[in-house]
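**Student:**
In UniProt numbering, the protein residues as written are 1 to 708.
#1: In this structure, how does DSSP classify residue 490 when only helix, strand and coil are distinguished?
#2: What would DSSP say about residue 35, mapped onto helix, strand or coil?
#3: Do three or more CB pairs link the stretch 409-419 to the stretch 548-557 at distances below 8 Å?
#4: So what does DSSP say about residue 213, is it helix, strand or coil?
#5: On the CB-based measure, 16 or more other CB atoms within 10 Å of its CB, does residue 712 come out buried or exposed?
#6: Tell me whether the beta-carbon of residue 194 lies closer than 8 Å to the beta-carbon of residue 208.
#7: Suppose you measure from the CA of residue 259 to the CA of residue 351; what does that come to, to the nearest Å?
#8: For residue 272, list the residues DSSP reports as bridge partners.
#9: Give me the Cα-Cα distance between residue 56 and residue 515, rounded to the nearest whole angstrom.
#10: Since residue 354 contacts residue 254 with CB under 8 Å, what's their CB separation in whole angstroms?
#11: Report whether the distance from the Cβ of residue 512 to the nearest heavy atom of the ligand ADP is below 7 Å.
#12: On a Cα-Cα basis, can you pick out the residue from 606, 182, 648 that is closest to residue 198?
#13: Please identify the residue among 489, 229, 507, 226 whose C-alpha is closest to the C-alpha of residue 499.
#14: Is residue 638 helix, strand or coil by DSSP?
#15: Tell me, to the nearest whole angstrom, how far the beta carbon of residue 384 is from that of residue 414; I am working on the premise that it is less than 8 Å.
#16: Residues in the same chain with beta-carbon distance under 6 Å from residue 71, minus the five sequence neighbours each way, listed in chain order, please.
#17: Could you tell me the distance, in whole angstroms, from the CA atom of residue 317 to the CA atom of residue 280?
#18: Determine the direct distance from the alpha carbon of residue 427 to that of residue 447, and round the result to whole angstroms.
#19: Roughly how many angstroms separate the alpha carbons of residue 659 and residue 622, rounded to a whole number?
#20: Can you name the residues that DSSP bridges to residue 548?
#21: DSSP three-state label for residue 624, please.
#22: Along the beta strand (DSSP E) that carries residue 534, what are the first and last residues, could you check?
#23: CA-CA distance, residue 85 and residue 104?
#24: Consult DSSP for residue 247 and reduce its assignment to one of helix, strand or coil.
#25: For residue 359, count neighbouring Cβ atoms within 10 angstroms of its own Cβ and tell me buried if that reaches 16, exposed if not.
#26: What residue from 210, 235, 424 has the CA that sits closest to residue 247's CA?
#27: What does residue 340 pair with, by DSSP beta-bridge criteria?
#28: Compare the Cα-Cα distances from residue 669 to each of 679, 627, 424, 655 and report the closest residue.
#29: Considering only the alpha carbon of each residue, which of 59, 237, 283, 337 lies closest to residue 716?
#30: Could you pull out every residue in the same chain whose Cβ sits closer than 8 Å to the Cβ of residue 443, ignoring the five residues on either side in sequence?
#31: Near residue 602, which residues of its chain fall below 8 Å by C-beta distance, leaving aside the five closest residues on each side in sequence?
#32: Under the three-state reduction of DSSP, which class applies to residue 17: helix, strand or coil?
#33: From which residue to which residue does the alpha helix (DSSP H) around residue 50 run?
#34: Using the three-state DSSP reduction, which class does residue 500 fall into: helix, strand or coil?
#35: Can you pull the DSSP bridge partners for residue 352?
#36: For residue 574, which residues of its own chain have a beta-carbon under 8 Å away from its beta-carbon, when the five flanking residues on both sides are left out?
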């Protein structure tokens with residue numbers, strides 16, 4: 001049985017797996033269990049079972065849930081240990097002094113009046129020594145207990161007991177964990193047993209105990225079971241696959257069950273990847289301090305923008321872990337990922353991807369489809385125009401893009417009708433340049449086919465070529481960037497190459513696209529815009545939106561256009577998102593910076609940011625009400641000779657004049673993070689990150705240690 005959404009797109013893998021895909025040999029011990037990436041688990045599978053049974057309580061957005069211990073929302077008032085102990089000792093001494101004074105009669109006999117008033121005379125004045133001793137010593141005990149209660153409350157003895165007494169000892173000694181009951185043990189697959197698939201559940205539980213199951217296997221089978229519950233697959237097919245293949249059932253089309261190597265810590269039960277630790281800083285909410293930071297599809301579905309200078313850790317601490325996590329999700333049949341970056345940027349080994357497109361490298365197995373796999377000339381023209389001249393369009397207007405779309409449609413439509421394909425890069429350049437031979441040949445072919453409407457399109461194109469405002473020349477110059485010897489074997493439309501199309505995002509495919517930045521910076525930016533435009537157009541028409549689609553774009557310089565911002569805003573409804581990194585917001589046109597920050601739900605400012613970039617983040621994060629304390633020291637003026645003498649003695653001893661301190665507390669509205677703090681108060685290796693989930697939950701800007 002094929003798992004939900006694990007059918008690969010045709011021609012998107014270097015070694016296509018025949019149908020049905022057979023499982024690889026199951027090793028006796030998996031090379032990378034979920035709990036300790038890179039280290040084999042014990043043969044009995046205890047590491048995997050411990051990881052699977054670890055509590056994952058509900059938490060605020062961005063909190064690493066694996067083994068998380070929730071904290072209160074507000075920070076409790078913590079008295080310093082020295083002050084607490086000294087107060088407890090002083091209170092005890094005061095209580096002892098009061099008791100001594102009472103016992104020895106130095107305070108008079110008034111404290112025995114309650115006993116004399118409420119006790120009958122026959123009890124007080126009798127010859128029963130035992131009864132008198134019980135009566136009086138019982139009364140003494142009540143008085144002593146009363147003194148102890150008063151001084152214990154004043155000295156906070158209860159806090160001392162909680163902090164250093166037996167309750168603290170019990171917290172330091174971990175209690176032995178009881179194994180969960182079969183009805184609540186995820187390793188026993190209770191959902192399958194309840195649905196009548198007890199045999200399949202027993203097979204999976206046995207392989208988990210034997211150490212033959214990994215975290216990717218568990219996530220993949222859970223995903224396939226969701227397909228059964230939704231009606232996309234039958235229970236009989238699922239059960240048969242599990243009984244036959246075991247933990248290798250519902251395999252990814254690549255036949256892989258894990259990545260070649262892992263650098264980050266992942267939890268595929270919650271879908272999170274750990275990026276660091278929230279700093280124990282007063283500017284962070286108390287509930288977040290010291291907690292791990294975990295990101296998953298629930299946050300990436302609102303898109304992420306990370307801004308930081310070169311060397312701040314964007315690629316190594318943000319992009320690489322996220323790409324690795326999405327590749328694991330793809331192996332589990334949950335996601336489709338496209339990672340775009342410069343060649344050699346360190347975005348993961350080639351073995352971690354199904355498709356690797358190395359543009360400009362003649363040894364590349366795959367090519368990139370210039371037209372996004374579409375057969376509609378108008379759609380192809382719109383996407384291509386965005387890539388070619390999207391950065392030239394005026395923000396919020398897009399006039400150049402609309403005119404360029406019309407020009408391209410006037411040429412792509414007739415060419416497609418004649419040749420049954422779209423033009424290659426050299427052919428498109430000739431048509432845009434208005435080469436007489438190319439246009440004449442296209443006209444003659446159209447006249448023979450009897451398509452008068454397309455002839456009118458070609459006539460209109462020839463008339464516009466003579467106008468001063470024609471954008472055909474600009475388009476031809478942009479296409480010329482791709483008509484270079486380095487790209488001679490790429491963007492082929494004749495069927496001789498293996499082009500990858502983003503239409504394959506209906507399947508859990510893992511794609512890496514290497515851009516040739518050296519000597520071709522303008523072409524790389526244009527190709528990045530092309531991939532982003534194709535991505536936003538493709539995810540909007542997907543049939544299966546239960547599969548999360550994500551585009552990870554390392555260095556989005558020159559990629560943000562008005563149409564790109566509008567496309568990012570529409571991704572959340574299509575269960576898709578993008579991850580963009582920038583060295584500075586100056587790489588984005590000024591009118592687009594606000595809309596870009598508003599379109600992305602997760603925003604990250606890394607250390608080393610400029611104050612100008614910090615100002616944009618400070619504005620989008622807004623302000624909050626805080627309690628401000630103003631302390632004023634006022635010098636005390638003595639009016640009597642004795643007071644003046646006392647003040648003189650204090651000045652000689654302390655070296656300061658006697659003062660009186662006045663504290664004023666008021667509510668003020670201040671920026672959550674100011675531009676100056678973002679530029680100068682973020683330590684190296686740290687970042688300030690705000691989060692928004694697809695459900696609309698928010699997390700305020702958090703200071704995060706990306707090295708933790």
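In this text, a Cβ means the ideal position worked out from N, Cα and C, and glycines have one as well.
**Tutor:** From the atom records:
#1: Note: residue 490 maps to coil in three-state DSSP.
#2: Since pLDDT at residue 35 reaches only 41, below the 50 mark, its modelled position is unreliable, and the value read off the structure follows with that caveat. Coil, per DSSP.
#3: At 8 Å Cβ cutoff, the stretches do not touch.
#4: coil
#5: Lying outside 1 to 708, the shown extent of the chain, residue 712 is not represented and no answer is given.
#6: Not in contact: residue 194 and residue 208 (Cβ atoms no closer than 8 Å).
#7: 8 Å
#8: 267
#9: 40 Å
#10: 5 Å
#11: Ligands are entirely absent from the displayed structure, and the ligand ADP is therefore not among its contents.
#12: Taking only the C-alpha atoms, the option nearest residue 198 is 182.
#13: 489
#14: coil
#15: In fact, because the Cβ distance is near 16 Å, the residues do not count as touching under 8 Å.
#16: 287
#17: Rounded to the nearest angstrom, the two C-alpha atoms are 20 Å apart.
#18: 20 Å
#19: 39 Å
#20: 335
#21: strand
#22: That residue, residue 534, is in no beta strand (DSSP E); its alpha helix (DSSP H) goes 521-539.
#23: 29 Å
#24: helix
#25: buried
#26: 210
#27: Per DSSP, 513, 553.
#28: 627
#29: Outside the modelled stretch of the chain, which goes from 1 to 708, sits residue 716, for which no answer is possible.
#30: 455, 458
#31: If the five residues before and after residue 602 are omitted, its C-beta is found closer than 8 Å to the C-beta atoms of 295, 299, 300, 302, 303, 304, 305, 689, 690, 691, 692, all from its own chain and listed in chain order.
#32: Low local confidence applies: a pLDDT of 30 at residue 17 is under 50, so the model's placement there is unreliable, with the coordinate-based value given in what follows. The answer is coil: DSSP assigns residue 17 none of H, G, I, E or B.
#33: It spans 46-53 - the alpha helix (DSSP H) in which residue 50 sits, taken as one unbroken run.
#34: Residue 500 sits in a strand when the DSSP states are folded into three classes.
#35: The partner list for residue 352 (beta bridge, DSSP) is empty, contrary to what the question assumes.
#36: 539, 540, 542, 545, 549
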